Amino acid sequence: MADRRTFNVVILGVGFLFIFTAFTTCGNVEQTVVKSLENDTFTGSGYHSLGIIYGVFSFSNLLAPTVVAVIGPKITMFLSGLLYSGYIAVFIAPSTWAFYLTSVLIGIGAAMLWTAQGQFLVENSEASTINRNTGMFWALLQCSMLFGNLYIYFDWNGRTEISDSSRKNIFLFLLVTSVLGTLSFLVLRQSHDEEEMLSEEEGQSLLSTRVMYKHRANTAMQDAKSEFKTILHLLKTKTIVLLSPCMAYSGLELSFYSGVYGTCIGATTQFGEAAKGLIGISGIVIGIGEIVGGGFFGLLCKNNRFRRTSVVFLGMVVHFIAFYLIFLNIPNDAPVVSTTNTQKNPFLTPSVSIALLCSFLLGLGDSCFNTQLYSILGCVYAEHSTPAFAIFKFIQSVFAAVAFFYSGYLLLMWQLLLMVILGFTGTLCFFVVERMQNFSVDLQDY
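Residue numbers (numbering that gives the first Met the number 0): 0 to 445.
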């Protein structure tokens, strides 16, 4: 039994590794790819596509638990993987309507995929193995930022323009990678809980398949209504209200490091022929920052209130240093140029070393905020963790969507200023929540 569950967790991690190697690489380069298209009929925007994905994802989370409960996590993940693969395939032969249609579909698929992943991971874990299994899964997932971006570096290094043949080769590679990850979900074995449920249902021979699924759907709807009421209740609590600015900030900086910063580097004229290849290296270094921060702060600083505030403060300082260096090092018009490279000069002569240092700091700071938000929500809402995490993902995704929509219109300095203001406010509010928790614990001890 233990071997089967471990096998399932490893295959789950491998599947996500392949799918998100394709998707995170796509997100990192798609605005640059869209700008380079030699196609007068294509009018899409990579920023708008990513905004649609996160916007649809945020609202689809409300329906995802019901779908997963009816058809099961394994089938849900397989179908969601197909939607991810469809989005990647659009870049091989781009058309505007297919680009935006698959953006909507992948937003729905993402909500289903992550909900099913959470349920499947819990079903294949026990109290004694949940930390180990979660660590294994996230370690595999974080590696997804390394391999696809490495391919981008080797293929694009020295190029000033992205040719149609180069684009097709890259997205064929990413499509095959995504399909392999999707197919790996078919190898997953049934957990012990699923076997017991199926045996009970098979034993009820009088029940048809239609009645069985109807029963599952009714049960799922009742659970969904109950969870929705819990979410509405939690939204009114002081803790969630105070944590909302920090959650919102995590959405803004998510959009910046995952889609905007790579585009800025690729558009910087002063980097010359190395600019396009640096997009891939930047994605790799961001991934290294995420892995270092997630491993160190997620594991070593777990369930420690003093360290939680210290880690969030460190995340704010690290990000603010990165924002200041980006402001000095990257041209102000880098996010908004369309078909040409940047026309403005930054305050410093653009440096590759500083640009990659900022990539590492962005990944490191992101891991600081995310690990500690998960930690404090799990601590405060131990009995209602699922609705609390759903609220977190909802707020984060909404603000990520908003950020992607304004990224193609606001100059770099205004985008950085918005993140500084919200990051400072979010950190202060996090400190207030932490102080509230410490005060309530002191009262209980007293």
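The C-beta atom is built at its ideal place from N, Cα and C for all residues, glycine as well.
In this text, all values refer to a predicted model and were calculated from it rather than measured experimentally.
Contact check, residue i vs residue j under 8 Å by CB: the rounded distance?
i	j	result
Gly250	Ile394	7 Å
Gly525	Ser79	With the chain covering 0 to 445 only, the question about residue 525 has no answer from this structure.
Gly282	Met144	6 Å
Ile161	Lys237	No, Ile161 and Lys237 are not in contact; Cβ-Cβ is about 50 Å, not under 8 Å.
Ala402	Ser254	4 Å
Phe322	Val419	6 Å
Going by CA-CA distance only, name the one from the options that's closest to residue i.
i	options	result
His318	Leu360, Lys34, Met220, Ser165	Leu360
Cys367	Ala333, Val311, Ser352	Val311
Cys357	Asp2, Glu252, Thr308, Ser44	Glu252
Val432	Gly180, Pro244, Ala138, Thr159	Pro244
Leu179	Leu16, Ala266, Trp137	Leu16
Thr267	His47, Leu171, Val351, Phe58	Val351
Lys167	Gly276, Gly258, Val89	Val89
Asn132	Arg4, Ile278, Gly85, Ala247	Arg4
Tyr405	Val103, Ile290, Ser44	Ser44
Gln116	Phe184, His47, Phe430	Phe184
Ser384	Ser177, His47, Leu233	Leu233
Leu82	Ser57, Pro93, Ser94, Ile52	Ile52
Cys263	Glu122, Leu421, Ala333	Ala333
Val66	Val13, Gln118, Phe146	Gln118
Arg306	Thr370, Tyr256, Thr23	Thr370
When DSSP labels each residue in this structure, what does residue i get in the three-state scheme?
i	result
Ile420	helix
Lys224	helix
Phe90	coil
Asn7	helix
Ala333	coil
Leu454	No answer is possible for residue 454: it lies beyond the span of the chain, which begins at 0 and ends at 445.
Tyr408	coil
Ile161	coil
Glu289	helix
Cys357	helix
Ser384	helix
Ser35	helix
Cys142	coil
Leu197	Residue placement at Leu197 is poorly supported in this model, since its pLDDT is 48, which falls under 50; the coordinates are not used for a value here.
Thr20	helix
Lys392	helix
Arg467	This structure does not reach residue 467, given that the chain is present from 0 up to 445, and the question cannot be answered.
Please report the straight-line C-alpha distance between residue i and residue j, rounded to a whole angstrom.
i	j	result
Pro349	Lys34	22 Å
Phe98	Arg434	46 Å
Val8	Tyr408	42 Å
Met315	Phe423	7 Å
Leu415	Pro330	13 Å
Thr308	Leu363	16 Å
Ile230	Ala387	7 Å
Leu355	Leu324	11 Å
Val55	Val103	6 Å
Ile463	Met76	In the structure as shown, the chain begins at 0 and stops at 445. Residue 463 is therefore absent and cannot be evaluated.
Val284	Met220	43 Å
Ala381	Leu372	13 Å
Gly157	Glu29	18 Å
Cys25	Gly261	11 Å
Val379	Phe227	19 Å
Val175	Leu36	22 Å
Ile70	Trp113	15 Å
Ala399	Gly50	7 Å
Glu125	Gln189	15 Å
Asn123	Ser257	30 Å
Using a threshold of 7 Å, is the CB atom of residue i nearer than that to any non-hydrogen atom of the ligand HEM?
i	result
Ile230	Judged by which ligands are present, the structure shown has none, so any question about the ligand HEM falls away.
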